[in-house]
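Per this note's numbering, the very first residue in the sequence shown carries number 3; after that it's consecutive.
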Amino acid sequence: REVVRIVRKVAQYFYPQRQTQVMNEGWATFWHYTILNEMYDRGLVTDGFMMEFLQSHTSVIYQPDFDSPYYSGINPYTLGFTMMQDIRRICEAPTEEDKRWFPEFAGSDWLDTLHFAMRNFKDESFIQQYLSPKVIRDLKLFCALDDDEQSTIEIMAIHDDSGYRDVREQLAGQYNLGDREPNIQIVNIDIRGDRSMHLQHRQHNRKPLDQSTEEVLKHLHRLWGFDVKLDSVWQGKTTKSYSCP
Numbered sequence: 003r004e005v006v007r008i009v010r011k012v013a014q015y016f017y018p019q020r021q022t023q024v025m026n027e028g029w030a031t032f033w034h035y036t037i038l039n040e041m042y043d044r045g046l047v048t049d050g051f052m053m054e055f056l057q058s059h060t061s062v063i064y065q066p067d068f069d070s071p072y073y074s075g076i077n078p079y080t081l082g083f084t085m086m087q088d089i090r091r092i093c094e095a096p097t098e099e100d101k102r103w104f105p106e107f108a109g110s111d112w113l114d115t116l117h118f119a120m121r122n123f124k125d126e127s128f129i130q131q132y133l134s135p136k137v138i139r140d141l142k143l144f145c146a147l148d149d150d151e152q153s154t155i156e157i158m159a160i161h162d163d164s165g166y167r168d169v170r171e172q173l174a175g176q177y178n179l180g181d182r183e184p185n186i187q188i189v190n191i192d193i194r195g196d197r198s199m200h201l202q203h204r205q206h207n208r209k210p211l212d213q214s215t216e217e218v219l220k221h222l223h224r225l226w227g228f229d230v231k232l233d234s235v236w237q238g239k240t241t242k243s244y245s246c247p
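Set out below in structure tokens:
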């Protein structure tokens, strides 16, 4: 149980970092790129140095296509770097579209705008606030609904005004830790009886628990020392139950 306490404390410490992955990676790559290009323009680094840097930088921000065997989701370095670059562009050379979507900072000081974003947002709200139609087009983002109760896949959002908002909302939701991780709560412990523990998993969008559930229950049972039961619930109805032993 002391090990569990240590793991819990470490997880609490790193929890805020997990909410700013896109922003942290984007901030780092943006400043590496910006500073080294400025140094190159001033003649402080050689052509060979810049070629080596650009090769490394390009590899870091590479985004495989969705149908590529190397695709494993949206690269946070790609998204973060592209958005940071785009914020600077909107501040320095805004288009009419930019002025319509971002009237509060289009044409403003780009450094102040970036600092404000880094100080006041996490990934989810950063994407909701700053993801532009241009970035959506450049990264070829769209929304597809893959409903397990339907035989077809529906394209929900394309590159129009309503589609841009839907893409932004759906992409931001992917960085909401409350949606990404299972919501499991202790609902009852039979203190006066057999001391069994009853857990409840509240599904998000009918998403079931993964294959590691039974192994996790085994470890929880070993730590608790008594029977453990877990119900997975969707809209008030239990869809699947687990128990150990």
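Cβ atoms here follow ideal geometry from the backbone N, Cα and C, with glycine treated the same way.
In this text the structure is predicted, and so the values were computed from the model without any measurement.
| query | result |
| --- | --- |
| Which residue's Cα is closest to the Cα of tyrosine 256: Asp49, Gly238, Leu232 and Gln237? | Because the chain here runs from 3 to 247, residue 256 falls outside it and cannot be looked at. |
| Give the secondary structure of glutamine 197 by DSSP, where H, G and I count as helix, E and B as strand, and everything else as coil. | According to the sequence provided, residue 197 is arginine. The question's glutamine does not apply to it. Of the three classes helix, strand and coil, the one that applies to arginine 197 here is coil, per DSSP. |
| Would you report the Cα separation of threonine 36 and isoleucine 89, rounded to the nearest angstrom? | 13 Å |
| Just how far apart, CA to CA, sit threonine 97 and phenylalanine 118? | 22 Å |
| In this structure, how does DSSP classify tyrosine 72 when only helix, strand and coil are distinguished? | coil |
| Taking the Cβ atom as the reference point for each residue, do glutamate 126 and tyrosine 166 lie within a distance shorter than 8 Å? | no |
| To the nearest angstrom, how far is the alpha carbon of isoleucine 191 from that of phenylalanine 228? | 10 Å |
| Starting from the Cα of glutamine 23, find the closest Cα among Asp114, Phe55 and Phe83 and give me that residue. | Phe83 |
| Just how far apart, CA to CA, sit histidine 203 and proline 184? | 7 Å |
| Determine the DSSP secondary structure at histidine 203, reduced to helix, strand or coil. | strand |
| What whole-angstrom Cβ distance do cysteine 145 and aspartate 181 have, given they're in contact under 8 Å? | Actually they do not touch by this definition, with Cβ atoms about 15 Å apart. |
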